[in-house]
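Presented below is the structure to which this report refers.
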Amino acid sequence: MRILRCWFCSGPVYPGHGITFVRNDSKEFVFCRGKCHKAFKHKRAPRKTKWTKTYRKMARKELSDDFAQTFERKRNTALRYSRDNLLTTCMSFDSLLMSVVNAINSVVAIKNKRESLFVTKRLKVGVNLRKEEDKNLVKTQMHLIKAPNGTFYFPTYFCSSSCEGD
1 MRILRCWFCS GPVYPGHGIT FVRNDSKEFV FCRGKCHKAF KHKRAPRKTK WTKTYRKMAR
61 KELSDDFAQT FERKRNTALR YSRDNLLTTC MSFDSLLMSV VNAINSVVAI KNKRESLFVT
121 KRLKVGVNLR KEEDKNLVKT QMHLIKAPNG TFYFPTYFCS SSCEGD
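85 is the number that the UniProt record's numbering gives to position 85 of the sequence shown; each next residue is one higher, with no gaps.
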């Protein structure tokens, strides 16, 4: 079962789903849904449409230059496995399969960890900006926070020895 990628939004297109548009020069465009197909027909650029993966990568909202993502790329040349090569390497097919599965699991774990670190780094910037805005708001609009005629009552445990005599 081959899971294709949508030409417009880069989402997954499962077998039996989506729309395939074939141009006169035999170039195939696969779309996951009508929304992507319509956007393609209207000649919209995926990198300027905010909900596409291309836009998110260009705007640096998602991790783009990561080694773990190179495993997911489509390759035109297929790897050829021959029985002779398997026998000469003294690896049984089961052990080869298990090593491939273990490698895939480790790559997925690394990829998820890096993506989560990237997201937390992005969110930290926003938290710091909000803190700065709050500090500036307190500095510039202190009259809104402090009552103009109010007197401050300091309990004795807040006062030092010098303020008890006042």
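Every residue, glycine too, gets a C-beta built ideally from N, C-alpha and C.
The model shown is predicted, which means the values in this text are computed figures rather than measured ones.
Member of the options whose CA lies at the smallest distance from the CA of residue i
{"i": "residue 42", "options": "135, 124, 8", "result": "8"}
{"i": "residue 21", "options": "62, 3, 116, 40", "result": "40"}
{"i": "residue 57", "options": "104, 105, 26, 118", "result": "118"}
{"i": "residue 116", "options": "102, 103, 61", "result": "61"}
{"i": "residue 64", "options": "35, 114, 32", "result": "114"}
{"i": "residue 33", "options": "23, 103, 24, 4", "result": "4"}
Residue-level contact to chain D via CB, residue i, 8 Å cutoff
{"i": "residue 12", "result": "Protein chain content of the structure displayed is limited to a single chain, and chain D is not contained in it."}
Endpoints, beta strand (DSSP E) assigned at residue i
{"i": "residue 145", "result": "Per DSSP, residue 145 belongs to no beta strand (DSSP E); it is in the alpha helix (DSSP H), 142-145."}
Residue j beta carbon less than 8 Å from that of residue i
{"i": "residue 30", "j": "residue 18", "result": "yes"}
{"i": "residue 10", "j": "residue 52", "result": "yes"}
{"i": "residue 54", "j": "residue 44", "result": "no"}
Between the CA atoms of residue j and residue i - distance to the nearest angstrom
{"i": "residue 129", "j": "residue 28", "result": "45 Å"}
{"i": "residue 95", "j": "residue 123", "result": "42 Å"}
{"i": "residue 139", "j": "residue 145", "result": "10 Å"}
{"i": "residue 6", "j": "residue 111", "result": "22 Å"}
{"i": "residue 12", "j": "residue 35", "result": "14 Å"}
{"i": "residue 137", "j": "residue 143", "result": "11 Å"}
{"i": "residue 121", "j": "residue 131", "result": "16 Å"}
Residue range of the unbroken alpha helix (DSSP H) whose run includes residue i
{"i": "residue 52", "result": "Residue 52 -> no alpha helix (DSSP H), and no H or E assigned at all."}
Checklist entry - Which runs of the alpha helix (DSSP H), 4 residues or longer, sit entirely within the UniProt domain "TRASH" (6-44)? => result 34-41
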